Amino acid sequence: MSKEKKMADKKIDKDLSERKIDEKTKGEVAENEQIVQSDKEESHLEDELTVLKEQLASLNDRYLRISAEYENYRRRTAKEKSDLMTYGGEKVLSALLPVVDDLELALHNIDRSDDLGAIKQGIELIAQKFFTFLQKHGVEQMDVLQKPFDMASQQAIAMVKTDNPEEKGIVLDCTKKGYTLHEKILRFADVVVGE
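For this note's numbering, add 4 to where a residue sits in the sequence shown, where the first one is 1.
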């Protein structure tokens with residue numbers, strides 16, 4: 005029996021040994037699987053980090069381009085604004101030069117002519133040309149005579165007593181004409197109002 009017991013003990017030891025090896029192997033396999041899983045996760049995170057770095061570089065490049073474009077736009081519009089302020093009236097002033105030429109010609113010829121009627125007619129033509137120029141550019145003379153006084157577009161410089169009740173609050177005289185530019189008041193009319 006002792007031989008059998010020894011054999012049985014050997015068998016048990018062998019089984020225990022195999023179990024320990026199996027458990028050790030399973031532990032090593034599990035540990036290896038964890039390492040492999042950890043390596044996969046690390047590789048995935050590295051890939052994700054690479055993608056995020058590329059996106060960041062792309063966004064940073066885009067930001068720099070947009071920033072440069074905005075700065076160029078700002079400089080360009082500042083120059084355009086400056087040019088507009090400097091040269092904005094160029095067309096209007098160029099169109100006014102023929103009137104200036106006519107005035108210079110009239111002044112030059114005023115001493116040479118004895119005909120005051122011709123001089124007056126020349127000045128009237130120049131004035132008419134000038135008023136046509138103003139109208140062409142949106143400047144209109146206010147029509148205020150014999151109309152109700154309007155504080156929004158007129159300045160009363162005098163009040164005159166009147167016996168006619170229909171003339172109360174009516175513009176009787178205009179001492180300085182008022183002008184509008186496309187319905188915006190350029191200058192108030194100085195008027196005399198009946199009271």
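Cβ coordinates follow ideal geometry from the N, Cα and C atoms, glycine included.
Values in this document were obtained by computation on a predicted structure and should not be read as measured data.
By the Cβ test, the stretch 182-195 is in contact with the stretch 156-164, since at least three Cβ pairs between them sit closer than 8 Å. Excluding its 5 nearest sequence neighbours in each direction, Glu-58 has no C-beta neighbour in its own chain below 8 Å.
Each of Ala-99, Lys-83 and Ile-130 was checked against the Cα of Glu-108, and the nearest Cα belongs to Ile-130. Taking C-beta atoms under 8 Å as the contact rule, Ala-99 and Phe-137 qualify, at a distance of about 6 Å. If you look at Glu-108, you'll find it in the alpha helix (DSSP H) that goes 94-114. Judged by beta-carbon spacing, Leu-176 lies within the 8 Å limit of Val-164, meaning their Cβ atoms are closer than that value. Gly-198 is the residue among Val-104, Gly-198 and Leu-120 whose C-alpha sits nearest the C-alpha of Glu-170. The C-alpha of Lys-85 lies about 35 Å from the C-alpha of Met-155. Rounded to whole angstroms, Met-146 and Ile-174 show a C-alpha spacing of 15 Å. Judged by DSSP secondary structure, Lys-165 falls outside any beta strand (DSSP E); it is assigned neither H nor E. Annotation for Ala-156: no alpha helix (DSSP H) segment contains it, and DSSP assigns it neither H nor E. Going by DSSP, Leu-149 is part of no alpha helix (DSSP H) at all; its letter is neither H nor E.
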